[in-house]
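This report concerns only the one structure given below.
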Amino acid sequence: MILTTTPSVEGHSIAEYKGVVFGEVVAGVNFLRDIGASIRNFIGGRSGSYEDELIKARTQALNEMSERAFQLGANAVVGIDIDYEVLGEGGGMLMVTASGTAVKLA
Numbered sequence: 001m002i003l004t005t006t007p008s009v010e011g012h013s014i015a016e017y018k019g020v021v022f023g024e025v026v027a028g029v030n031f032l033r034d035i036g037a038s039i040r041n042f043i044g045g046r047s048g049s050y051e052d053e054l055i056k057a058r059t060q061a062l063n064e065m066s067e068r069a070f071q072l073g074a075n076a077v078v079g080i081d082i083d084y085e086v087l088g089e090g091g092g093m094l095m096v097t098a099s100g101t102a103v104k105l106a
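Here our numbering is used: the first residue of the sequence shown is 1, the next is one more, and so on.
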């Protein structure tokens, strides 16, 4: 499965459009990570635990989107967009959404 943010895949033509596909992940943030991130926010520096959680959620969203495209008979997803939102009381949940157009390349 080819995944790209561009509207086409260089060297390939799009034979068929299968439709818009999405992958959504909502992840809770761990209390201990919050404490560590708060300390880093106060003293400066990056929050490795939050970055790891972001990477994990983004990867899961892309994998889910890719699987949905595969189920439609696509072999690529073009025009991918990834959005991040904070949800829940106190911003304790992270939502990552990946969307794109499932296509069959010639």
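Even glycine gets a Cβ: it sits at the ideal position worked out from N, Cα and C.
Between the options, which has its C-alpha nearest residue i's C-alpha?
i, options, result
"G23", "E89, L54, M65 and H12", "M65"
"G11", "I2, L72, T101 and G100", "I2"
"Q71", "K104, S8 and A27", "K104"
"A20", "E51, Y50 and E67", "Sequence inspection shows Val at residue 20; the Ala mentioned does not correspond to that position. Among E51, Y50 and E67, the Cα nearest to that of V20 is on E67."
Residues bridged to residue i by DSSP?
i, result
"Y17", "V103"
"Y50", "Y50 pairs with nothing; no bridge assigned."
"V9", "According to DSSP, V9 bridges with nothing at all."
"G23", "A98"
"A76", "I2 and V103"
"L62", "Bridge partners of L62: none, in fact."
Beta-carbon within less than 7 Å of residue i's beta-carbon, same chain only, minus the 5 sequence neighbours each way: which residues are those?
i, result
"E85", "M95"
Excluding the 5 residues flanking residue i on each side, which residues of the same chain have their C-beta closer than 6 Å to its C-beta?
i, result
"I35", "Note that I35 scores a pLDDT of 45, beneath 50, so its modelled location is shaky; the value from the coordinates is reported in the next line. Counting only Cβ-Cβ distances below 6 Å, and skipping sequence neighbours, we find nothing."
"S99", "F22 and D81"
Between residue i and residue j, is the Cβ-Cβ spacing less than 9 Å?
i, j, result
"S13", "A102", "no"
"T6", "A61", "no"
"T4", "G79", "yes"
"V25", "R58", "yes"
"A69", "V9", "no"
Beta-carbon within less than 8 Å of residue i's beta-carbon, same chain only, minus the 5 sequence neighbours each way: which residues are those?
i, result
"L54", "Y84, L94 and V96"
Answer yes or no: the CB of residue i versus the heavy atoms of the ligand GDP, is any distance below 8 Å?
i, result
"A61", "As far as ligands go, the structure on display features none, and thus does not contain the ligand GDP."
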